[in-house]
Structure formats: structure tokens, C-alpha cells
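Trainee:
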Amino acid sequence: MKTSALARVFIVAIAGCRFPLCVCFTVHRRGGEILSLRADGPTMLTSATRRTPQHPHQLTRRQRPIFHHEYRSLESKLRAQGSPEETGSTRTGEILYLVLPLLLVYISNQWSRYSISYLVDFSSTDGALNSYQAMNVDLQFDQSQYGLLASTAFTILFALSSLLAGSLADKYDRKLLTMGSCGVWTMATLAQSQANTFNDVLVARIIMGGACAFAVPAAYTLISEKVSEDKLALANSFYGSGVYVGGALASLSLLLDNNFGWRITLETIAGFGFVSVMVAGLVLPSDSLRMINGAGSEEKSKQEGGLFSDASDILSIPRVQFIYLASFVRFCSGLLIGVWAAPYYKQAFPDSSAEYALINAIIVGAIGMSSGILGGYVADSLGARVKDSRDSGSVLLRSFDESNIRLLLPIVGNLLAIPSWYLTMHSVGSEESFKGAMFWLGIEYLVAECWFGPTIAVLQSTVGKSRTGTAQGLFVLTGALGNLAPTLLGIIYSNNSQVGDGGGSSPEMLADYLTYGVCAGYLLSSIFFALSLRASSQSREEQYMRSNKS
Numbered sequence: 001m002k003t004s005a006l007a008r009v010f011i012v013a014i015a016g017c018r019f020p021l022c023v024c025f026t027v028h029r030r031g032g033e034i035l036s037l038r039a040d041g042p043t044m045l046t047s048a049t050r051r052t053p054q055h056p057h058q059l060t061r062r063q064r065p066i067f068h069h070e071y072r073s074l075e076s077k078l079r080a081q082g083s084p085e086e087t088g089s090t091r092t093g094e095i096l097y098l099v100l101p102l103l104l105v106y107i108s109n110q111w112s113r114y115s116i117s118y119l120v121d122f123s124s125t126d127g128a129l130n131s132y133q134a135m136n137v138d139l140q141f142d143q144s145q146y147g148l149l150a151s152t153a154f155t156i157l158f159a160l161s162s163l164l165a166g167s168l169a170d171k172y173d174r175k176l177l178t179m180g181s182c183g184v185w186t187m188a189t190l191a192q193s194q195a196n197t198f199n200d201v202l203v204a205r206i207i208m209g210g211a212c213a214f215a216v217p218a219a220y221t222l223i224s225e226k227v228s229e230d231k232l233a234l235a236n237s238f239y240g241s242g243v244y245v246g247g248a249l250a251s252l253s254l255l256l257d258n259n260f261g262w263r264i265t266l267e268t269i270a271g272f273g274f275v276s277v278m279v280a281g282l283v284l285p286s287d288s289l290r291m292i293n294g295a296g297s298e299e300k301s302k303q304e305g306g307l308f309s310d311a312s313d314i315l316s317i318p319r320v321q322f323i324y325l326a327s328f329v330r331f332c333s334g335l336l337i338g339v340w341a342a343p344y345y346k347q348a349f350p351d352s353s354a355e356y357a358l359i360n361a362i363i364v365g366a367i368g369m370s371s372g373i374l375g376g377y378v379a380d381s382l383g384a385r386v387k388d389s390r391d392s393g394s395v396l397l398r399s400f401d402e403s404n405i406r407l408l409l410p411i412v413g414n415l416l417a418i419p420s421w422y423l424t425m426h427s428v429g430s431e432e433s434f435k436g437a438m439f440w441l442g443i444e445y446l447v448a449e450c451w452f453g454p455t456i457a458v459l460q461s462t463v464g465k466s467r468t469g470t471a472q473g474l475f476v477l478t479g480a481l482g483n484l485a486p487t488l489l490g491i492i493y494s495n496n497s498q499v500g501d502g503g504g505s506s507p508e509m510l511a512d513y514l515t516y517g518v519c520a521g522y523l524l525s526s527i528f529f530a531l532s533l534r535a536s537s538q539s540r541e542e543q544y545m546r547s548n549k550s
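Its first residue numbered 1, the sequence shown is counted upward by one per residue in the UniProt record's numbering.
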């Protein structure tokens, strides 16, 4: 299908300027799909036949934020319009065709990241463990070093790359970013399988963290751009289900480890990563014309204030501030579970490790994924109900808009997860206790994992499409900072285990640490999401404009 370019001119009138400003957007389309959007200008219209260049830095301090706001509003509206022939919501088949290759890459991301939790064993201190199956025995590292590998080492480059990844996803070809990042973390996984020392694994985990930061912002900007808003939470939830499928495969890595050893297990995971790269290359749509924008990104950065200016504007929105705080503590709880639940269950139920691997894979993969997708569906349904009932007399519906009502899902889900997690941590001592622990673990995943899709949808609708990549980079950064929680727990647990001289490393001690940490995170997350629900969705610039108009 041929690619077409269409120039559309918009006039921006700013108080205090002698003449209006003109912004020309050049839209590149293939059929009904917008491939790229480039802004030329602004220029000042001084007459019907002559234009004099005018740049935002030449405007006064009072005029500049007004222009930036109008500029971004025009860009967001033009992207949202899509094609004149485009009507209705995105079809389910179109969502699946876009999301499935992204989902495959995300599964590789999560499987590579969390497999290490199932390749270590701290249940014995007398050297009886097999180095063929336990990475920590083979490479001789303790609990605190494991906490470093599983969280902080991964976080170092992950955190530093997150903002950059979000900015690049707003400008460059997301297909190339997705394939490149997946290729790098796959090579890092392969390098871990050949490690001979703790430091070898440490370096590979740092490189993996840097690469993993680029995949998620690229995926979410693609989804927000290609999927209509009424299906956005569902599409985001479907993509986010990669966390649970990848977590399930990581759990099944325990079976691979038991039969083939930890090195072959990591080689298998790397093989899956290479397959994901090839599928993404064949199926994902290319938006290479966005590279034209990248070539002119320096001028655009001057016009829009650059990456840090965008991040500052996003962080000036009160609702977004509370969403990030809520997400940070929620990530802390989830990462504590992801990093330390498997070592705990190995200690608490040493005779049921194979059974745990299978049941946990079902819980994480099936129940977690179902909760995530169902949460997105319910959130979209609530938004549609509010939109259709604006004129009704319902006091409840008038208290929400079609965006913020979606935050009810993470608020309620986190509160219900607190008693469920407490019960799964305090079921110890017998085969019946193991079944009870697995039952409550399933309930915990069912009620807790509905938060992701609705949260991303509210974040995207609040910041606008033109800044989705940067906002998503900041969101990923909150998850990166959440990795500090498992590291801190590892340090505390290791120190107290040494003091206890064998008895201190009991599963009861680890269960207490996990109970306090996870439940506190769930409670704080619910509070911050509730505050976000009622907070303003206007940025600093919008608040400034509103005060000027009044």
C-alpha cells in the first residue's frame, strides 16, 4: 500500500503577540494508519504573503507555556483523529495482531529476568546441595548477593535507561527498539549460562537490566497510538499479561533445573528470546518514517523544552504524582513476591518443590493473566458506563469521569490482597498446609493482579499521546526503584540468618519479613491510588492558563 504525506496547517493565537503563530504538521500515512507526524515551525504570520521565523524561546515567559500547551494539544488531537475514514473502536483481531508479537517479547523479558529466583537454593548450609542444580552453590554466593543479583544489579542500568527509553519511543522506530533490546537481553541470558564466577553473573544482569528498559515504553506507545481509547485498558492488560506468562515459565524453570541443570535452563530461555526477536521482525508493523522525526529531534527538543522538560511537566500533574507513588509501593510488593516467594516455599515445603513449580506456574500464568485481562475489561466497561451516564442523576457516577473510575480496580484489588497474602504466608507444617498456602496464593493473584492495565490506561489518558513514551519511561523507573525492596530484604535476612546460626534461617523468619513488606506495600498503594482518584489531572501549564483566563 502506498504511503502518502499530507500537510495540515494550524493557527495558534497567543495573547500579547502582535501576529498569530502558524504550525504546519506533515502527516505520513499508509492507508488509514498514521506512520509519523512531524511539526514544522512555528512561524509568525505577518501578512498574507510573508512569514517571519518565530521560535518559542523568543516569546515572553508568560507566552511560552501557553504556546507549548497549544502545540501539544494540536499534536495530540491530530494523532487521535487518525484517518478521516477511521470510525468506531479498534477491532479485537487488530488488537491481537498488534499485541501478540509484543507479548511474546515481553514474555521473554520476564522469563529471562525472574528465572534466577528458581535456580538458587538456600535450604541447606552443610554443602549437601547439588552445584549442578543450584547456581548459588556452583558460584558460591549467599542470600545478600542473591538479593543483589535478582534486584539491584538488574536495576542499575534499568533505572538509568528508563527515561531515555521513553523519549526514544516517542521519536524512533519502535520495531527496531523492540528487536534490539530483546536481542541484547537474550545475549546477556546466554552469557549467564556460561558464567564461572559471581561477578560474571553480576555484569550480565546489569546489561540485561539496561536492555529490558527499552521494550516496555516502545510497546505501550505503539498500543496507545494504534488502539482506540475505549479498548485501551483491555489492550494494555493483554500486553501486561506477559508478566504472568513469563512468571509461569520462570516457575517451570525449576523443573528444567531439576532435570538438566541451571546452565541448560538458561540456554533454553535464551533460545526462546531469539525466537521472539524473529517473530517480532516478521509481524510487527514498522514505523521507520518516525526516523525522519529523529533526524530533526534537536530542533523539536528546543521547541518543546526537551526530555527533562517533558518529564517535569508530566510530574507536575497531581494525579500522575499519586499514580507513580502508588505504583512504586505496589511494585515493591510485587517484586518481593517475585524474588523471595520461591526461596521461601523451597524452605517451607522442601518435599513439594516439583509440585510447587507446577501449581505456581498455573497460578501465575492462568490466574494472574486472567486477573489482568479481566481487570482491563472491567475498567473499560466502567469507563464506558460513566461516559454513557453523564446525564443521569446518579451521584456515584457524577463523582467520576471515564478515566479515573478505572482506578477503583487497583484500590479494591490491593485491599483484598492483604488478607490473602497473610494466609498464604502462614500456612506451614504439613501437606494440608501446602495445599492451603497454594489456595490462598491463587486467591491473592486473582484479586491483586487486576491493577496494571487500568493504571496504565489512566496514565496515558492523563498525559496525552504525545508524551506517552516519556510517561511510560517514568513508570518503568518506579518499577526499577521498587527493586530496592528485595535487596533490602536480602540484606536483613542474610544478617539475621548469620546471627541465628542455622535456626535464624527458618522459613518462619522469611515469612514474617514477606508478610510485613508485601502487606504494607498493598495498603500504601491503595491509599495513594485513592488520593490519585480525586487529584487534578491538569499540568502546571494548564493550571497556569486556567488561572490567566479566570
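Idealized CB from N, CA, C, for every residue including glycine. Since this is a predicted model, take the numbers as computed values, not measurements.
(1) My output table needs one value for Q162: the three-state DSSP class, helix, strand or coil.
(2) Measure how close the beta-carbons of N414 and Y522 come, nearest whole angstrom, since I'm counting them as under 8 Å.
(3) Give me the Cβ distance between A311 and L164, rounded to the nearest whole Å; I'm assuming they're in contact under 8 Å.
(4) Given this structure, state the Cα-to-Cα distance separating A417 from L234, to the nearest angstrom.
(5) Need the endpoints of the alpha helix (DSSP H) that N483 sits in, please.
(6) Can you list, in chain order, the residues of its chain with a C-beta nearer than 6 Å to that of L446? Leave out the 5 residues immediately preceding and following it.
(7) If I measure Cβ to Cβ from T265 and keep anything under 6 Å in the same chain, skipping five residues before and after, which residues do I get?
(8) Run through the stretch 366 to 415 for me and flag every whole alpha helix (DSSP H) of 4 or more residues, listed as ranges in chain order.
(9) Does S241 come out as helix, strand or coil in the three-state DSSP assignment?
(10) Give the C-beta separation of V105 and S333 to the nearest angstrom, bearing in mind that I take them to be a contact with Cβ-Cβ under 8 Å.
(11) For the alpha helix (DSSP H) holding E267, just list the boundary residues, first then last.
(12) Can you tell me which of the three DSSP states D313 falls into?
(13) Mark residue 564 as exposed unless 16 or more other C-beta atoms lie within 10 angstroms of its C-beta, in which case mark it buried.
(14) I believe G338 touches G247 by the beta-carbon criterion, under 8 Å. Please report the beta-carbon distance rounded to the nearest angstrom.
(15) Would you grab the beta carbon distance between Q133 and G261 for me? Rounded to a whole angstrom, and I think it's under 8 Å.
(16) Thinking C-alpha only, which one of L149, A448, S131 and P285 is nearest S117?
(17) For F528, count neighbouring Cβ atoms within 10 angstroms of its own Cβ and tell me buried if that reaches 16, exposed if not.
(18) Evaluate S286 with the Cβ neighbour count: other Cβ atoms within 10 Å of its Cβ, from every protein chain shown; 16 or more gives buried, anything less gives exposed.
(19) List the endpoints of the continuous alpha helix (DSSP H) containing S526.
(20) Is it buried or exposed for D121, if we count other Cβ within 10 angstroms and need 16 for buried?
(21) Whose CA, out of A153, G453, T186 and L284, lies closest to the CA of R205?
(22) Does N199 come out as helix, strand or coil in the three-state DSSP assignment?
(23) At what residues does the alpha helix (DSSP H) containing A134 begin and finish?
(24) For M291, I'd like the list of residues in its chain whose CB is within less than 7 Å of its CB, leaving aside the five on either flank, ordered along the chain.
(25) If you reduce the DSSP assignment to three classes, tell me which class S301 lands in.
(26) Return the CA-CA distance between V412 and S353, expressed in angstroms with no decimal places.
(27) What span of residues does the alpha helix (DSSP H) with F322 cover, start to end?
(28) To the nearest angstrom, how far is it from the Cα of M369 to the Cα of D138?
(29) Does the Cβ of L96 have 16 or more other Cβ atoms within 10 Å, making it buried, or fewer, making it exposed?
(30) Does the Cβ of T424 have 16 or more other Cβ atoms within 10 Å, making it buried, or fewer, making it exposed?
(31) Which residues in the same chain have their Cβ closer than 6 Å to the Cβ of G365, if we skip the five residues on either side of it in sequence?
(32) How many Å lie between D401 and T197 at the Cα?
(33) Let me know the secondary structure DSSP gives W421 once reduced to three states.
(34) T92: buried (16+ other C-beta within 10 angstroms of its C-beta) or exposed?
Mentor: Result, derived from the coordinates:
(1) As a working note, residue 162 is residue 162 in the sequence shown. The amino acid occupying residue 162 in the given sequence is Ser; Gln does not appear at that position. Of the three classes helix, strand and coil, the one that applies to S162 here is helix, per DSSP.
(2) As a working mapping, residue 414 is identified with position 414 in the sequence shown. As a working mapping, residue 522 is identified with position 522 in the sequence shown. A Cβ-Cβ separation of about 4 Å places N414 in contact with Y522 under the 8 Å criterion.
(3) Mapped onto the sequence shown, residue 311 falls at position 311. Mapped onto the sequence shown, residue 164 falls at position 164. Actually they are not in contact, since the Cβ atoms of A311 and L164 sit about 11 Å apart, beyond 8 Å.
(4) Taking the sequence shown and counting its residues from 1, one reaches residue 417 at position 417. Taking the sequence shown and counting its residues from 1, one reaches residue 234 at position 234. Cα to Cα, A417 sits roughly 22 Å from L234.
(5) Indexing the sequence shown from 1 puts residue 483 at position 483. Boundaries for N483: no alpha helix (DSSP H) harbours it, and the DSSP string shows neither H nor E there.
(6) By one-based count along the sequence shown, residue 446 stands at place 446. Excluding five sequence positions before and after L446, the CB atoms of its chain that fall closer than 6 Å to its own CB belong to I367 and S371, given in chain order.
(7) As a first step, residue 265 is located in the sequence shown; it is residue number 265 there, counting from the start. S253, L256 and D257.
(8) Complete alpha helix (DSSP H) runs here, min 4: 369 to 388 and 395 to 398.
(9) Numbered from its first residue, the sequence shown carries residue 241 at position 241. Under the three-state reduction of DSSP output, S241 falls in the coil class, being neither helix nor strand.
(10) Position 105 of the sequence shown, counted from the first residue, corresponds to residue 105. Position 333 of the sequence shown, counted from the first residue, corresponds to residue 333. That pair is no contact at about 25 Å.
(11) Against the sequence shown, residue 267 aligns to sequence position 267. E267 -> alpha helix (DSSP H) spans W262 to V283.
(12) Against the sequence shown, residue 313 aligns to sequence position 313. DSSP places D313 within a helical segment (H, G or I) once states are collapsed to three.
(13) Nothing can be reported for residue 564, as the shown portion of the chain is limited to 1 through 550.
(14) Against the sequence shown, residue 338 aligns to sequence position 338. Against the sequence shown, residue 247 aligns to sequence position 247. So it is a contact: roughly 7 Å between Cβ atoms.
(15) Counting from one through the sequence shown, the residue named residue 133 turns up at place 133. Counting from one through the sequence shown, the residue named residue 261 turns up at place 261. At roughly 6 Å, the Cβ-Cβ gap stays under 8 Å, so Q133 and G261 are in contact.
(16) What you label residue 117 is simply residue 117 of the sequence shown in a count that begins at 1. For S117, the nearest C-alpha among the options comes from L149.
(17) Locating residue 528 in the sequence shown gives position 528, counting from the first residue. Taking every protein chain shown into account, the CB of F528 has 16 or more other CB atoms within 10 angstroms, so this residue is buried.
(18) Reading the sequence shown from its first residue, position 286 is the one you call residue 286. With fewer than 16 Cβ atoms within 10 Å of its Cβ, S286 is classed as exposed.
(19) Within the sequence shown, residue 526 is the residue found at index 526, counting from 1. Annotation for S526: the continuous alpha helix (DSSP H) segment containing it runs P507 to R534.
(20) Residue mapping note: residue 121 aligns to position 121 of the sequence shown, counting from 1. With 16 or more Cβ atoms within 10 Å of its Cβ, D121 is classed as buried.
(21) On the sequence shown, position 205 is the one that residue 205 refers to. Residue A153 is the option with its Cα nearest to R205.
(22) Within the sequence shown, residue 199 is the residue found at index 199, counting from 1. DSSP places N199 in the helix class (H, G or I) of the three-state scheme.
(23) For the purposes of this step, residue 134 is identified with residue 134 of the sequence shown, where counting begins at 1. Where A134 is concerned, there is no enclosing alpha helix (DSSP H), given that its DSSP letter is neither H nor E.
(24) Within the sequence shown, residue 291 is the residue found at index 291, counting from 1. Reliability fails at M291, whose pLDDT of 49 lies under 50, so the model's placement of it is uncertain and the value that follows must be treated cautiously. Counting only Cβ-Cβ distances below 7 Å, and skipping sequence neighbours, we find Y172 and D173.
(25) Counting from 1 along the sequence shown, the entry for residue 301 is found at position 301. Residue confidence for S301 is low, a pLDDT of 45 falling below 50, so the modelled location carries little weight; the figure read from the coordinates is stated next. In the structure shown, S301 sits in a helix (DSSP, three-state: H, G or I).
(26) Within the sequence shown, numbered from 1, the residue matching residue 412 stands at position 412. Within the sequence shown, numbered from 1, the residue matching residue 353 stands at position 353. Between V412 and S353, the C-alpha separation is close to 32 Å.
(27) Here residue 322 corresponds to residue number 322 of the sequence shown, with the count starting at 1. P318 to A348 is the extent of the alpha helix (DSSP H) around F322.
(28) To locate residue 369, count along the sequence shown from 1; it is residue 369. To locate residue 138, count along the sequence shown from 1; it is residue 138. The alpha-carbon atoms of M369 and D138 are separated by roughly 34 Å.
(29) Walking along the sequence shown from the start, residue 96 turns up at place 96. That one is exposed.
(30) Taking the sequence shown and counting its residues from 1, the one referred to as residue 424 is at position 424. Of the residues assessed, T424 falls on the buried side of the cut-off, its CB having 16 or more other CB atoms within 10 angstroms.
(31) As a working note, residue 365 is residue 365 in the sequence shown. Result list for G365: Y244, V245 and A248, in chain order.
(32) Translated into positions along the sequence shown, residue 401 becomes position 401. Translated into positions along the sequence shown, residue 197 becomes position 197. Whole-angstrom Cα-Cα distance: 54 Å.
(33) The residue labelled residue 421 in the question sits at position 421 within the sequence shown. Here W421 carries a helix assignment [DSSP, helix/strand/coil].
(34) Position 92 of the sequence shown, counting from 1, holds the residue named residue 92. Taking all protein chains shown into account, T92 has fewer than 16 neighbouring C-beta atoms within 10 Å of its C-beta and is therefore exposed.
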